[in-house]
Amino acid sequence: GSEEAPQTARIDNINLDDLRDLAVQALLEAPAEATFYAGLFYSKTRTPRSALLLAQAYSQAQQHSSCLRLLEESNIIQSQSQFWTQGLLLACLSLAAQGEWAAMVEILEDACRLAEPNPDSTNGFRQGRASTTLSRPLEDDDDFGWETLKESISNQLSEQPPEGQSHVHALSRLCAWRGRAYYETGHVLRAAVYWKRALRMDSRAVEAWQSLLDHALVTPIEAHDLLEKLDFSDSNDWLKSLYLTRIELSTSATNEQNPAMDVGEGDENNLNRSAENKNASMRQMDKSASFAFRGTDFDASSISISSPILPSNHFVATPGNSMLDKSVMGKAPSADNPAEAKQALVQANVDSAFYKLQNVYKLHDSPQVLAMSAKRAYRQYRWKDVLRYCEQLAEVDPTLQTGGGAAY
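For the sequence shown, the numbering used here assigns the number 264 to the initial residue and increments by one for each residue that follows.
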């Protein structure tokens, strides 16, 4: 005989599959409509999955208070929930939109816990998970604990229906949010710790890398060394090249002190003040260095890039000397000076990354690569190349803004 058609889920003569599909389809196309269908779907099912779908719709529709209320009422941001990481990420988006950084710190500190056996439990298998385990918040430097939690989340997510294999790890994203929350509440040192942890958990956490550089929490040499320790698969070598091109060397790159160093234990207030004093000028530089093209008429003189400090022995760089760029180094590296040799190595790797982006990965028309190429040419005093890159960038995307607010 013929096979029977699969039964559709119905409650009170309402097709639940249709409600869910309509909500999912409208998430990006019509968020307000998505909240309508997802709300009906949730009211009929009251499951964690339907609660997550409605919270996603609220977030897309920028109804952040409703999103936070639902996440709290449905308990899906509790660590025992099947969707707790997805719920926490949605909560972070809504809290950030409302500027509730202190609340984000509190929620993330409480949520990131590691389960441990409960020594007081004698028959845990009968009493359930809650009585067989205890949980403790993870310390900033508990590398083993964080890796254990990452593995636990990976196992939990592997049990859910697959939605693709190219996702940044959820705990990496949570660490990136935690770093942002710490930074916004004035805890610069802890922000750097969690942005670095986000990258170590998943090298594709672009926002964490960008944040470390934009806020000058690592020196160029430290940034290079951090990249060398990250796990980039062969298929993501292009991403490592993009990361490398964000490193901007100067004549003092090897002598600059990381604001997170030389601070006494517990003296984070001094750290925050010293870092903020240094970062104030950096942020102003980023703001003035952003490429903003408005209108249809383009004038390269409208691109404001902070003027370089010319070294005493400055000369215009040419492709022939780019691997040991004297315009950036100030002078040729000395074999007897490890600092200069290290800086020369970093510069060579940065130059190689630019070459691969343009000639291997064919990203020479990418707005981000064009913007970084223009800034690099400017640091090397190649004024004609600066103008050429800026004109190409204006043609590709006249509305693009780069610098602190761009993807790279």
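Just so you know, even glycine gets a beta-carbon here, dropped at the ideal spot from N, CA and C.
Out of the options, point me to the one whose CA is closest to residue i's CA.
i      : options                        : result
ARG460 : ASP404, THR508, ASP500         : ASP404
SER496 : VAL469, ASP465, LEU279, HIS478 : ASP465
SER435 : TYR445, LEU452, TRP409, GLN419 : TRP409
ALA415 : SER498, TRP347, ALA293         : In the sequence under discussion, the amino acid at residue 415 is Ser, which differs from the Ala named in the question. Nearest option by C-alpha distance: TRP347.
HIS327 : PRO311, HIS432, ASN338, THR298 : THR298
LYS605 : LYS638, VAL649, GLU485         : GLU485
PRO630 : LEU490, PRO661, ARG509         : PRO661
VAL659 : GLN643, LYS647, ALA634         : ALA634
ARG509 : GLY362, VAL609, ASP494         : VAL609
GLN325 : LEU480, PRO294, LYS638, GLY449 : PRO294
ALA479 : LEU493, LEU452, LYS492         : LEU452
LEU650 : ARG642, GLN643, ALA637         : ALA637
LEU489 : GLN323, ARG463, VAL469         : ARG463
LEU656 : ASN276, VAL632, ARG642         : VAL632
HIS430 : LEU401, HIS450, VAL469         : VAL469
PHE617 : ARG642, ARG399, ASP477, LEU505 : LEU505
HIS450 : ALA602, ILE277, ARG283, VAL368 : VAL368
GLN341 : SER398, GLU296, GLN323, ASP614 : SER398
Using DSSP's beta-bridge definition, name the partner residues of residue i.
i      : result
ARG273 : ASN278
LEU437 : Bridge partners of LEU437: none, in fact.
Measure how close the beta-carbons of residue i and residue j come, nearest whole angstrom, since I'm counting them as under 8 Å.
i      : j      : result
ASP318 : LEU334 : The sequence given here places Ala at residue 318; Asp does not occur at that position. Rounded, the Cβ-Cβ distance is 5 Å, consistent with contact.
LEU352 : LEU437 : 7 Å
ALA354 : ALA320 : About 15 Å separates the two Cβ atoms, so there is no contact after all.
SER344 : GLY350 : 7 Å
TRP440 : LEU371 : 7 Å
ALA289 : TYR305 : Actually they do not touch by this definition, with Cβ atoms about 14 Å apart.
TRP364 : GLU292 : The pair is not a contact, with the Cβ atoms about 31 Å apart (cut-off 8 Å).
PRO483 : LEU512 : 5 Å
LEU412 : ALA433 : Contact flag wrong, Cβ pair sits at about 11 Å.
ALA209 : LEU475 : Outside the modelled stretch of the chain, which goes from 264 to 671, sits residue 209, for which no answer is possible.
THR308 : LEU279 : 7 Å
ALA314 : SER337 : 4 Å
ASN499 : ARG467 : 7 Å
TYR652 : ALA640 : 6 Å
LEU316 : ARG283 : 7 Å
HIS487 : ASN622 : Rounded, the Cβ-Cβ distance is 21 Å, inconsistent with contact.
Can you tell me which of the three DSSP states residue i falls into?
i      : result
PRO400 : strand
LEU291 : helix
GLN377 : As written in the sequence, residue 377 is Leu, which differs from the Gln given in the question. It is a strand residue.
GLN487 : Reading off the sequence, residue 487 comes out as His, not Gln. The answer is helix: DSSP assigns HIS487 an H, G or I state.
THR508 : helix
LYS625 : coil
GLU658 : helix
ASP500 : helix
GLY408 : helix
VAL456 : helix
GLN361 : coil
PHE304 : helix
GLN631 : helix
LEU650 : helix
LEU351 : helix
LEU480 : coil
ARG283 : helix
ALA618 : The residue you asked about is not Ala; residue 618 is Tyr in the sequence shown. Helix.
SER229 : With the chain covering only 264 through 671, there is no way to say anything about residue 229.
ASN418 : helix
GLY449 : coil
VAL613 : helix
THR298 : helix
TYR644 : coil
VAL368 : helix
ARG312 : helix
LEU493 : coil
Runs of alpha helix (DSSP H) wholly within the stretch 314-346 (minimum 4 residues, chain order): 327-337
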